[in-house]
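Undergrad:
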Amino acid sequence: MSSHGIACRVLAFAERVAGNAVFVCMLVEGLYLHRSIVAVFKQKLKIKWLYGIGAVIALAPAISWAAVMAVHNDHSCWLIYTVNHIQWILDVPRIAILLINTGLFIDVLRVLLTKIRNSENANQL
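For the sequence shown, the residue numbers in the UniProt record's numbering are 1 to 125.
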């Protein structure tokens with residue numbers, strides 16, 4: 001280990017986990033909203049389970065990133081990437097979450113617009 005200590009690396013790791021947690025929280029809330037609007041009569045989701053799974057989803061890429069950084073980039077408190085494409089370990093799950101949320105959002109909009117059209121048609125009769 002170079003001049004930067006373990007505390008600096010732990011802080012860099014915590015920063016990556018927090019960044020992932022933001023995206024995972026968006027995913028969990030998107031899933032909950034989707035389930036509440038689209039699948040109204042299905043069994044209610046247990047939000048604690050969603051957040052537990054979300055914590056694992058937030059930690060897994062960060063742990064992988066930390067392992068790769070420890071092996072290939074053990075300097076500069078993990079702030080400078082000397083090996084190309086290490087950042088993708090964190091970015092690919094985040095992009096996937098954004099795509100999933102976009103799909104959920106489009107489906108929620110589809111259901112809401114269908115309900116609005118149906119209620120307008122019912123009012124015209």
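By construction, the Cβ of each residue, glycine as well, lies at the ideal position given by its N, Cα and C atoms.
This structure is a prediction, so every number in the text was calculated from the model and none was measured.
1. Taking P54 and V92 to be in contact with their CB atoms under 8 Å, please state how far apart those CB atoms are, rounded to whole angstroms.
2. Ignore the nearest five residues each way along the sequence and tell me which others in A21's own chain have a CB closer than 7 Å to its CB.
3. Rounded to the nearest angstrom, what separates I116 and R110 at their Cα positions?
4. If you run the structure through DSSP and keep just helix, strand and coil, what is G5?
5. CA-CA distance, I106 and P61?
6. Leaving out five residues on either side along the sequence, give the residues of the same chain with a beta carbon under 7 Å from the beta carbon of M1.
7. Below 8 Å CB to CB, which residues in the same chain sit around I86 once its five sequence neighbours on both sides are set aside?
8. For A12 and L79, which I take to be in contact (beta-carbon distance under 8 Å), what is that distance rounded to the nearest angstrom?
TA: Reading it off the structure:
1. As a position in the sequence shown, residue 54 is number 54, starting the count at 1. As a position in the sequence shown, residue 92 is number 92, starting the count at 1. Residue identity check: residue 54 is Gly in the sequence provided, not Pro. Wrong, their Cβ atoms sit about 17 Å apart, outside the cutoff.
2. As a first step, residue 21 must be located in the sequence shown, where it is residue number 21. Exclusion of the five residues before and after A21 leaves A58 as the residues of its chain whose Cβ lies within less than 7 Å of its Cβ.
3. For this step, residue 116 is matched to residue 116 along the sequence shown. For this step, residue 110 is matched to residue 110 along the sequence shown. Their Cα atoms are separated by approximately 10 Å.
4. By 1-based counting over the sequence shown, the position of residue 5 is 5. Looking at G5 - three-state DSSP - the assignment turns out to be coil, as it is neither helix nor strand.
5. The residue given as residue 106 occupies position 106 in the sequence shown. The residue given as residue 61 occupies position 61 in the sequence shown. Approximately 27 Å between the Cα atoms of the pair.
6. Locating residue 1 in the sequence shown gives position 1, counting from the first residue. The predicted position of M1 is uncertain, since its pLDDT is 44 and thus under 50; no value can be drawn from it.
7. For the purposes of this step, residue 86 is taken as the residue at position 86 of the sequence shown. Answer for I86: W65, V68, M69, H72 and N73, listed in chain order.
8. Counting from one through the sequence shown, the residue named residue 12 turns up at place 12. Counting from one through the sequence shown, the residue named residue 79 turns up at place 79. Right, the Cβ-Cβ distance comes to about 7 Å (below 8 Å), so this counts as a contact.
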